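Count along the sequence shown from 1, then add 81; that gives the number in our numbering. The structure appears right after this line, and notes come after that.
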Amino acid sequence: MTDPDLSAIPDFSGIKAILFDKDGTLLRYDESWGPVNRAAARIAAAGNAVLEARLLAAGGMDDASGHTRADSLFAAGSAADIARGLVAAGSPLDVADLTQRLDALFLGAADQSVPATDLSALFGRLKARGFKLGVASSDNEAAIHATARRFDFARHLDFVAGYDSGHGVKPEPGMLLAFARAVGVEPRQVAMVGDNKHDMHVGASAGAGLKIAVLTGTGTTETLSPLADIVLADITLIEDLLP
């Protein structure tokens, strides 16, 4: 993780709103989601230990290191995406049933999440500076609200969108466009902040003014630099760059 190259900092002067991804951006991915991904594979395997290991790998998580591969099924997919992928990889469960079980599992994941920083304080400071704030995640909307309540930043949010909120799914532009409409700004006045390629594609396809990548998730400098306007170690560095 590196601090930003001050000679290459993009222009933040027109930004009026910030849309954050959740997992890997507000929350440290491996610490937060490693146990959840293992549980997802266990549920999908229906008691078959050999299949469980295979499904964990199919989802993109390395059993030995606990690291989840950048832009893999677990890293970037919704519950429905993950269910379809795990069924295709051999899970005996029905896709609809597995999606429902995974949604319930992910809703409870907020209880064991590890934040990237004091989210209540960060969101409070950004709100006090006049920025409109939102969260857009491939998780379900209820899980986003649960995370916001747990870390006490719900009161600072102007917008929340999950894969089930009716604005489309990542990497489509719908979530960012809906955020811009909801808070009364143009897409070019929005900064999209995320940890994987899907987030950067959302920003690009929606015409976001800035695409900010962070390294607290599954993405790396190598995977994110070609798509992002700037790559930061974590979301705390955004404050110093904003006008």
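We treat Cβ as the ideally placed atom computed from N, Cα and C, and that holds for glycine. The structure displayed is predicted, hence computed values, not measured ones.
Selection N129, G189, D178 evaluated against P116 yields G189 as nearest (Cα-Cα). In the displayed model, A139 falls within a helix according to three-state DSSP. For A160, the uninterrupted alpha helix (DSSP H) run begins and ends at 160 to 169, by DSSP. In this structure, L107 sits near A197, with a CB-CB distance shorter than 7 Å. Fewer than three pairs of CB atoms, one per stretch, sit closer than 8 Å, so the region 162 to 170 makes no contact with the region 280 to 295. Sixteen is the threshold: when 16 or more other Cβ atoms of the shown chains lie within 10 Å of the Cβ of V250, as they do, the residue is buried.
Rounded to the nearest angstrom, the gap between the Cα atoms of T180 and I163 is 8 Å. Contact annotation: V312 and T302 have beta-carbon atoms nearer than 7 Å. In this structure, F101 is the residue among K97, I90, F101, S94 with its C-alpha nearest to the C-alpha of T297.
One thing to note: D276 has its Cβ within 7 Å of the Cβ of G300.
In the DSSP annotation of this structure, I90 is not part of any beta strand (DSSP E), being labelled neither H nor E. With a threshold of 16 other beta carbon atoms within 10 Å, D310 meets it and is buried. Of all alpha-carbon atoms in H279, L322, A185, the one lying nearest the alpha-carbon of A156 is that of H279. Look at G275 here: in three-state DSSP terms it is strand. Check the Cα spacing between V274 and each of A263, S246, A235, A314: the tightest is with A314. Closest option to R119, judged by alpha-carbon separation, among G265, F260, G147: G147. Taking a contact as a CB-CB distance under 8 Å, the pair A127 and N221 does not count as one, their CB atoms being some 22 Å apart. Of the candidates K208, R206, F240, F240 places its Cα closest to the Cα of G215. Taken in chain order, the unbroken stretches of alpha helix (DSSP H) that lie wholly in the region 236 to 322 and span 4 residues or more are 255 to 264, 278 to 287, 302 to 305, 319 to 322.
In this structure, L308 is the residue among G158, A191, L308, R182 with its C-alpha nearest to the C-alpha of G284. Minimum Cα-Cα distance from F234 among the listed residues A242, G205, G211, Y244 corresponds to G205. Under the three-state reduction of DSSP output, P196 falls in the strand class. Straight-line spacing of the CA atoms in A125 and L154 works out to 14 Å. Between L132 and G95, the C-beta gap is not smaller than 7 Å, which leaves the two residues out of contact. Counting the other Cβ atoms within 10 Å of the Cβ of R109 gives 16 or more, which makes it buried. For G189, the secondary structure class from DSSP, reduced to helix, strand or coil, is helix.
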